[in-house]
Amino acid sequence: MPAGDAAGAICLLRARHNAALTARDLAGAVALTVPDSVLVTGDGSLVRGAKAIRAAWAASFAQPGYAGYRRSPDLIQTSEDGTRAAESGRWEGLLGPVRSAGTYLAHWEARAEGWRVVAELYVTLEEAPRAPA
0 MPAGDAAGAI
10 CLLRARHNAA
20 LTARDLAGAV
30 ALTVPDSVLV
40 TGDGSLVRGA
50 KAIRAAWAAS
60 FAQPGYAGYR
70 RSPDLIQTSE
80 DGTRAAESGR
90 WEGLLGPVRS
100 AGTYLAHWEA
110 RAEGWRVVAE
120 LYVTLEEAPR
130 APA
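Residues in the sequence shown are numbered from 0 upward in steps of one, following numbering that gives the first Met the number 0.
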């Protein structure tokens, strides 16, 4: 797959994932996750495996004041053979009275079913009270 096609596909998948998180759509939140995915949260906690990642999203969705997470890709790079990609950018989370934001990196792999997330790393660089709605 040409690099431009991969970047476009990953941007589209990321937008769909952002929409699933805003809608508290648990199936959509884990649709791109492979069974052995790894997630390092903004506070450095390790979540290993699709089932554990699903449980983490369910817990976030259940929190009072949950308003979603959004990832905004700045750069998507692909391997020479087109089987792997690195997506990096900024993330923002609105959870309860706090707005958190920072930098993220996602490791994608091209699989038979399409691009899937193998690992994600989030670093919280900002935390502040959320502006009143």
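Just so it is clear, CB atoms sit at the ideal spot from N, CA and C, and this is done for glycine as well.
### Query
What does a CB cutoff of less than 6 Å around residue 5 pick up in its chain, not counting 5 residues either side in sequence?
Here the set comprises 77 and 84.
#### Entry: Proximity to residue 120 [Cα-Cα], best of 25, 7 and 46
When 25, 7 and 46 are compared, the shortest CA-CA separation from residue 120 is found for 46.
### Task
Give every residue of the same chain whose Cβ lies closer than 7 Å to the Cβ of residue 17, excluding the five residues on either side of it in the sequence, and list them in chain order.
Here the set comprises 69 and 70.
### Query
What's the call for residue 116, buried or exposed, on a 16-neighbour Cβ count within 10 Å?
It is buried - the Cβ of residue 116 has at least 16 other Cβ atoms within 10 Å.
### Message
I need the straight-line Cα distance from residue 74 to residue 87, nearest angstrom please.
### Response
Distance between the alpha carbons of residue 74 and residue 87 is about 5 Å.
### Task
Using a threshold of 8 Å, state whether the C-beta atoms of residue 11 and residue 31 are closer than that.
It is not a contact, given that the beta carbons lie outside the stated cut-off.
### Query
Are the beta-carbon atoms of residue 29 and residue 14 separated by less than 8 Å?
No; because the gap between Cβ atoms is not below 8 Å, this pair is not in contact.
### Task
Could you tell me which residues DSSP puts in a beta bridge with residue 103?
DSSP lists 88 and 121 as partners of residue 103.
### Query
If you drop the 5 nearest sequence neighbours on each side, which residues of the same chain put their C-beta closer than 6 Å to that of residue 104?
Cβ within range, chain order: 87 and 120.
### Message
Is it buried or exposed, residue 36, if we count other Cβ atoms within 10 angstroms and call 16 or more buried?
### Response
The residue in question, residue 36, is buried, as its Cβ has 16 or more Cβ neighbours within 10 Å.
### Message
Could you check whether residue 41 and residue 95 sit closer than 8 Å to each other, using their CB atoms as the reference points?
### Response
Between residue 95 and residue 41, the CB-CB gap reaches or exceeds 8 Å.
### Query
What's the C-alpha gap between residue 43 and residue 122?
Cα atoms of residue 43 and residue 122: separation of roughly 7 Å, rounded to the nearest angstrom.
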